[in-house]
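All remarks here apply to the structure that follows.
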Amino acid sequence: DEIFHFIIYLILIGAKILRIIITILFRCFRLICNYKTIALEKEEKNKIFISLYVPGILLVLMWMVQLYQYFANVNLGFLGLVPRKVSGLIGIFTAPFIHGDFNHIISNSIPLFFTCFIMIYSYRRLAYKVFIIVYLGSGLLVWIFARQNIHIGASGVVYGLVGFLFLSGIIRRNINLLGV
Numbered sequence: 363d364e365i366f367h368f369i370i371y372l373i374l375i376g377a378k379i380l381r382i383i384i385t386i387l388f389r390c391f392r393l394i395c396n397y398k399t400i401a402l403e404k405e406e407k408n409k410i411f412i413s414l415y416v417p418g419i420l421l422v423l424m425w426m427v428q429l430y431q432y433f434a435n436v437n438l439g440f441l442g443l444v445p446r447k448v449s450g451l452i453g454i455f456t457a458p459f460i461h462g463d464f465n466h467i468i469s470n471s472i473p474l475f476f477t478c479f480i481m482i483y484s485y486r487r488l489a490y491k492v493f494i495i496v497y498l499g500s501g502l503l504v505w506i507f508a509r510q511n512i513h514i515g516a517s518g519v520v521y522g523l524v525g526f527l528f529l530s531g532i533i534r535r536n537i538n539l540l541g542v
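Throughout the sequence shown, residue numbering follows this note's numbering, covering 363 to 542 in sequence.
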């Protein structure tokens, strides 16, 4: 019962922190763009907000799982992906949310946030389909080809998204996406 209340508390705090971070980022972006140069239209503001909000929710969920592991002194590694075992298939869905320690989640959080932001901002109609394909595809490839061990973390998703953005930059000849 205490753990349930603690999780609800983490969700509420995470939502408030996410809202504060997005508000700060959005205001900084608006100040930079509106500083007597560019006036953002409502559609563009919504596009930026959604591009920040969706990856923010993903990160809040990842951090809530990590904080739960830390404060409840629980290791959720058993929910990781175990290659070529039917019981390990659950890890395709759960492994990107489970991290070994705070260094691991920090190393995944920053690139995941920015690649998701760039993808949603640049490819709004395609972004969610690509994310689902990369999310499930990277997990499935690990399940088929990886060494026999428990695999956790969102690195496969990050590399898949970076690969998509880079390849898309080559195909579309967009130098901005090649910088990912």
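Where is the CB? At the ideal position from N, CA and C, for every residue including glycine.
Limits of the unbroken alpha helix (DSSP H) element including residue i
i: residue 545; result: Since the first residue of the chain shown is 363 and the last is 542, residue 545 is not available in this structure.
i: residue 473; result: 464-484
i: residue 534; result: 517-534
i: residue 439; result: Element bounds for residue 439: n/a, residue is neither H nor E.
i: residue 454; result: 453-456
Inter-residue Cα distance where the pair is residue i and residue j
i: residue 375; j: residue 422; result: 10 Å
i: residue 426; j: residue 417; result: 14 Å
i: residue 414; j: residue 384; result: 7 Å
i: residue 532; j: residue 436; result: 44 Å
i: residue 469; j: residue 461; result: 10 Å
i: residue 518; j: residue 430; result: 23 Å
i: residue 428; j: residue 465; result: 11 Å
i: residue 501; j: residue 408; result: 31 Å
i: residue 472; j: residue 450; result: 27 Å
i: residue 455; j: residue 438; result: 13 Å
i: residue 441; j: residue 403; result: 44 Å
i: residue 379; j: residue 434; result: 21 Å
i: residue 482; j: residue 493; result: 9 Å
Selection from the options that minimises the alpha carbon distance to residue i
i: residue 452; options: 497, 417 and 481; result: 497
i: residue 511; options: 404, 523, 371 and 446; result: 446
i: residue 463; options: 503, 494, 516 and 408; result: 516
i: residue 525; options: 386, 480 and 487; result: 480
i: residue 489; options: 522, 465 and 508; result: 522
i: residue 420; options: 439, 443, 438 and 477; result: 477
i: residue 406; options: 449, 371 and 486; result: 486
i: residue 444; options: 536, 534 and 513; result: 513
i: residue 484; options: 528, 382, 434 and 432; result: 528
i: residue 457; options: 537, 377, 505 and 492; result: 505
For residue i, three-class secondary structure by DSSP
i: residue 367; result: helix
Test: residue i CB closer than 9 Å to a CB of chain C
i: residue 423; result: The structure shown contains no chain C; it holds only a single protein chain.
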